[in-house]
Ligand SMILES: [Zn+2]
């Protein structure tokens, strides 16, 4: 600890397949930022790296969903997420991305080094292969029935209904989501990291060396992994999106995303050092670098077991600590993207920060509330009422109120200047306040050094609370009333306000890692430069010089109204309802709702008049598979499809060209209105219509059976 020369702080690389919610923020980024800002205030050398994780199968899956390319997905989400972090005052030194060439080089070289040294094992195994799509299938591209709960749409790696981790082999009736066909087993070769060979030192290092300084939740998870016995883990996979495996005989293979993503910390460091004329090797190779990974609990095994094995084999330093957080729930339920039960960073920014009465002070408010509920040891809960209370009864009523009263009274009773301290007239209450300031510094320091950010922030607010109580007991406004008969009372007024102002300066220093904007506002009010915020200045009552004139107080925090909270609750519930309705709509369409492929009509959502069963029975709905798809010259909305209907192949023109690329839909099973009168479109006779719906984002989706059925089967 004493030999620490520099700090290398990482926060989990967010996956660039969608927006991130406040649970992510509270899990890794906010605690990391508090810690880093504290270290910087301590004048310690620190580098804070993060960036987008842009590989893995979820990116091409999201691309498919949005009818676009994987590159377009990462190019869409990377800048949004980076901006979100900036708006919430997360102060990365670099926010990099794993699609960058320097990352591909770094990850590739890392793999090569391990492979050349013989640290990896090559094994052949049988894996599911889609003969129609001519590709091996990543776990996520295989769906089938969960052996545990019977859910028919479980994925090859996990059942999202019951949460069980699965391997594709365990699925009953597996189907490729690429073609809708049953996949076959085919031999393929992969490289493995033999974790089993490293069990002994890992056990010693985690459960021995770190048994006292790592968090209980982290140690517990590691222990259960170790006790369960470690297995060799494949570090390559058959996929065309990611870092190409840089050895012969590995065509069509990329590095598994869990292998390449943490190397992203190293490549981000390299990029930063390149930009700043520094040597990245020192940071990752020198044992005097203290490496700390901030992550959520779902990443513990990667950062405590797998990545350390990689680092050790590569002669890099190991993490000093991995202070993983648990999860934040929202209004009594787990946050969920598919159920739309979440608060995205973007939503908060739109509704509170990018508003006339918003600004960075509202970023501080979210930071404050989230810090008070950080899931440091167990899951915690975000409620809008809790958010409002934290703001109104703590930030406004305690912190803001104390600062405001001190400034107002100083202007009123001390001519707007820092009054002198009359040492001979200090009493026990004054001495106690001075001691409280000194003690607070030590308590806050100790809590932050041990990654107890909730506790640290509590100490800051508690100090403000003590300030309020002190002023209430001293009642300088009462003393001011008897000044004529008792002029020496001015000394008591001076002492009270002198100490309150010194306390305000200390509060600026102590709140700074948590609420950086508020700290800067306080500096502005006190007419001091940001350098005053250096940690070593805290704990003392000599920060503001006597006779120094200060500005008028500014409003630090505004009150949050009941109506704002009600709006948010309505929005949350409406969002969840919309997600449910979208699901129901798709189901209803399958059962014979509106057949309509024209996107310009797709938003006519009002219910239609009731029909009799006979009317419905007139429609011949059948399942087919798209065999080919091509654009039609001069018709940018239409795709010409050849659909295999079992006994025949139909030509169908569909107005979906703006939503899907032709290559992306080949092999898809679709529902066709088979007895619709043929219609000539752009010179092509279209013989049928494809049923479509749209998801909650307004993206068109096919209405298809939840598992493959023979072409030509009727839908009824
Ligand atoms: Zn299940």
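In full-length UniProt numbering, the protein residues as written are 1 to 716. Glycine included, every Cβ here is placed at the ideal spot set by N, Cα and C.
Quick one: residues in its chain with C-beta nearer than 6 angstroms to the C-beta of residue i, no 5 flanking neighbours on either side, listed in chain order?
| i | result |
| --- | --- |
| residue 185 | 126 |
| residue 51 | 13, 95, 96, 97, 264, 268 |
| residue 124 | 187, 189 |
| residue 53 | 13, 15, 98, 261 |
| residue 715 | 621, 671 |
| residue 92 | 48, 50 |
| residue 535 | 41, 42 |
| residue 6 | 45, 289 |
Less than 7 angstroms between C-beta atoms, sequence neighbours within five positions excluded: which residues of the same chain meet that for residue i?
| i | result |
| --- | --- |
| residue 223 | 207 |
| residue 454 | 371, 372, 374, 376 |
| residue 144 | 154, 171, 172, 173, 174, 175 |
| residue 408 | 553 |
| residue 644 | 624, 625, 627, 711 |
| residue 255 | 107, 111, 235, 236, 242, 243, 245 |
| residue 23 | 327, 328, 335 |
| residue 339 | 576, 579 |
| residue 397 | none |
| residue 557 | 361, 365, 391, 395, 396, 400 |
| residue 706 | 152, 153 |
| residue 138 | 57, 237, 239 |
Counting only the same chain and skipping the five closest in sequence on each side, list residues whose C-beta sits under 8 angstroms from that of residue i.
| i | result |
| --- | --- |
| residue 20 | 14, 81, 84, 344, 345 |
| residue 385 | 565 |
| residue 89 | 33, 360, 363, 364, 367, 516, 517 |
| residue 527 | 548, 549, 550, 551 |
| residue 18 | 62, 77, 337 |
| residue 273 | 279, 280, 283 |
| residue 680 | 686 |
| residue 737 | With the chain running from 1 to 716 in the structure shown, residue 737 is simply not present. |
| residue 3 | 287, 288 |
| residue 149 | 159, 161, 162, 164 |
| residue 478 | none |
Closest to residue i by CA distance: which of the options is it?
| i | options | result |
| --- | --- | --- |
| residue 9 | 40, 23, 211, 17 | 40 |
| residue 283 | 506, 226, 267, 521 | 267 |
| residue 425 | 163, 477, 396, 492 | 492 |
| residue 120 | 66, 37, 152, 247 | 247 |
| residue 293 | 544, 31, 275, 541 | 31 |
| residue 464 | 332, 413, 405, 479 | 405 |
| residue 449 | 152, 715, 215 | 215 |
| residue 194 | 309, 139, 26 | 309 |
| residue 333 | 348, 381, 300, 703 | 381 |
| residue 228 | 199, 249, 469 | 199 |
What three-state label does DSSP hand residue i in the structure shown?
| i | result |
| --- | --- |
| residue 23 | helix |
| residue 681 | strand |
| residue 94 | strand |
| residue 273 | helix |
| residue 551 | coil |
| residue 349 | helix |
| residue 210 | coil |
| residue 85 | helix |
| residue 603 | Bear in mind that a pLDDT of 40 at residue 603, under 50, signals an unreliable position, so the model cannot answer this. |
| residue 518 | helix |
| residue 503 | helix |
| residue 451 | coil |
| residue 462 | helix |
| residue 293 | strand |
| residue 191 | strand |
| residue 100 | coil |
| residue 417 | strand |
| residue 236 | strand |
| residue 77 | helix |
| residue 540 | coil |
Taking 8 angstroms as the cut-off, does the region 613-623 touch the region 658-667 (at least 3 CB pairs, one atom from each stretch)? no
Sufficient close CB pairs (3 or more, under 8 angstroms) joining the region 172-188 to the region 129-145: yes
Assess contact between the region 542-552 and the region 661-673, defined as three or more Cβ pairs (one per stretch) separated by less than 8 angstroms. Is contact present? no
Could you tell me which uninterrupted beta strand (DSSP E) segments, each at least 3 residues in length, are contained entirely in the region 104-178, listed from first to last along the chain? 121-130, 142-145, 172-176
Pair every Cβ in the region 676-695 with every Cβ in the region 634-648, then say whether three or more of these pairs are closer than 8 angstroms. Verdict: yes, contact present.
Counting only runs that start and end within the UniProt domain "TRNA-binding" (615-716), where is the beta strand (DSSP E) found for 3 or more residues in a row? 621-632, 635-644, 649-654, 669-673, 679-681, 684-686, 692-694, 700-702
Evaluate contact between the region 296-304 and the region 204-218, counting only Cβ atoms and requiring at least three cross-stretch pairs below 8 angstroms. yes
Given 8 angstroms as the limit, is there contact between the region 520-536 and the region 482-491, that is, 3 or more CB pairs closer than that? No, they do not touch.
In chain order, which continuous runs of the alpha helix (DSSP H) of length 4 or greater are located wholly inside the region 337-410? 345-348, 360-372, 384-389
Write down every uninterrupted run of the alpha helix (DSSP H) in the region 10-64 whose length is 4 residues or greater and which is fully enclosed by it, in chain order. Residue ranges of uninterrupted alpha helix (DSSP H) with 4 or more members, entirely inside the region 10-64 and ordered along the chain, are 30-41.
Which whole runs of the alpha helix (DSSP H) in the region 282-335 are 4 residues long or more, in chain order? 307-313
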